[in-house]
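Below you'll find the structure, written out as C-alpha cells, and then a few comments.
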Amino acid sequence: VRTATPVIPDGRLDEPVWAVAPAYPLVMPVTGAQPEPGTAQFAWDDQHIYVAVRFTDSDVIQENDKDQAHHYTSGDVAELFLKPAGETFYWELYATPNGRRTTFFLPGRGRLGLPSMEKYSCDLRTGVAVDGTLNDWRDRDQGWTAEFAMPWVDLAAQGAAVGPQSPWHVLVARYNYSRWVSRLELS
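If you're matching positions, the sequence shown starts at 1426 in our numbering and goes up one per residue.
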C-alpha cells in the first residue's frame, strides 16, 4: 500500500497506513503446525519500503545486545529478505525485540556465510515495541511488534530496479524461542 506520510519506525504501528494495509499471516512451512500467530504488512513511498510485523509471543527473548549479528542464534528475531526478481543478489535484514538490527547483503546464495556479507552497511531503520517483559521466563508476555524502513536508494545502489513496475520477491520470517512452546518455532 502506498502511504502519503512516512512511517516512523518505532514499533507502535500507529501510522494510518497500517490500518488499511493487508495483514499476511505467518505460517510454519513444513509441519503445518500452528505457531504463536504473527502477521506482516507492507507499505511504500518514494523513499522507502516499509514492513510491519506483529507477533503474539508468550516469552519475548533476545540475549544479544549488539547490532550486525546473527540474532537468530540468540533469541526472537524478525527477518526480512528482499530480492529483485531475476537476480541472484538479495538483502537479509533483522529486527529484534531489544531494538537491535542487522543488514546483510549477499551477491548470491553461493556466497552465504562469507565475511563480506557481514560488512554491508545501509540506512535501514527499525523500531520495536514489546508488550511484556524482555528476557524474563517467569512471566507470560503478550508479544512484540517491529517496523522496518529500508531506503530505495540503498537497494538501487546495488543495481536493483526499484519502483511500482519492478518485481521483487519478499519473505518475512520469524524465529520464536519460548519457555511456553515445545521447540523453536520457525514461521
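Using N, Cα and C, we set each Cβ at its ideal position, and we do this for glycine too.
Comparing alpha carbon positions, the residue from Trp-1443, Ser-1483 and Gln-1472 closest to Glu-1461 is Ser-1483. Contact between Asp-1470 and Thr-1428 holds, since their C-beta atoms are separated by about 5 Å, short of 8 Å. Per the coordinates, the alpha-carbon of Phe-1467 lies some 17 Å from the alpha-carbon of Val-1452. According to DSSP, Gly-1568 shares a beta bridge with Thr-1481 and Asp-1556. Taking a cut-off of 8 Å for Cβ pairs, the stretch 1489 to 1497 and the stretch 1519 to 1534 touch, as three or more such pairs fall below it.
Taking every protein chain shown into account, the CB of Asp-1439 has fewer than 16 other CB atoms within 10 angstroms, so this residue is exposed. Residue pairing by DSSP places Asn-1489 opposite no residue, since no beta bridge is assigned to it.
Per the coordinates, the alpha-carbon of Gly-1524 lies some 12 Å from the alpha-carbon of Ile-1486. In summary, Leu-1537 is exposed, with fewer than 16 beta-carbon neighbours lying within 10 Å of its beta-carbon over all protein chains present. DSSP places Leu-1531 inside the beta strand (DSSP E), whose first and last residues are 1526 to 1531. Apart from sequence neighbours up to five positions away, the residues of its chain that approach Leu-1505 with a beta-carbon distance below 7 Å are Val-1476, Leu-1518, Phe-1573 and Val-1597, ordered along the chain. Inclusion of Pro-1434 and Arg-1599 in the CB contact set at 8 Å is not warranted, their separation being larger than that value. A straight-line Cα-Cα distance of about 29 Å links Ala-1581 and Ala-1444. For Leu-1580, no beta strand (DSSP E) segment is defined; the enclosing uninterrupted segment is the alpha helix (DSSP H) at 1577 to 1581. Asp-1561 is the residue among Asp-1579, Asp-1561, Trp-1605 and Asp-1566 whose C-alpha sits nearest the C-alpha of Glu-1488.
C-alpha of Ala-1571 to C-alpha of Leu-1559: approximately 14 Å in a straight line. Ranked by how close their Cα comes to the Cα of Thr-1513, the residues Gly-1436, Pro-1441, Gly-1584 and Glu-1610 have Gly-1584 in first place. Taking the Cβ atoms as the reference, Thr-1527 lies roughly 7 Å from Asp-1492, within the contact range of under 8 Å.
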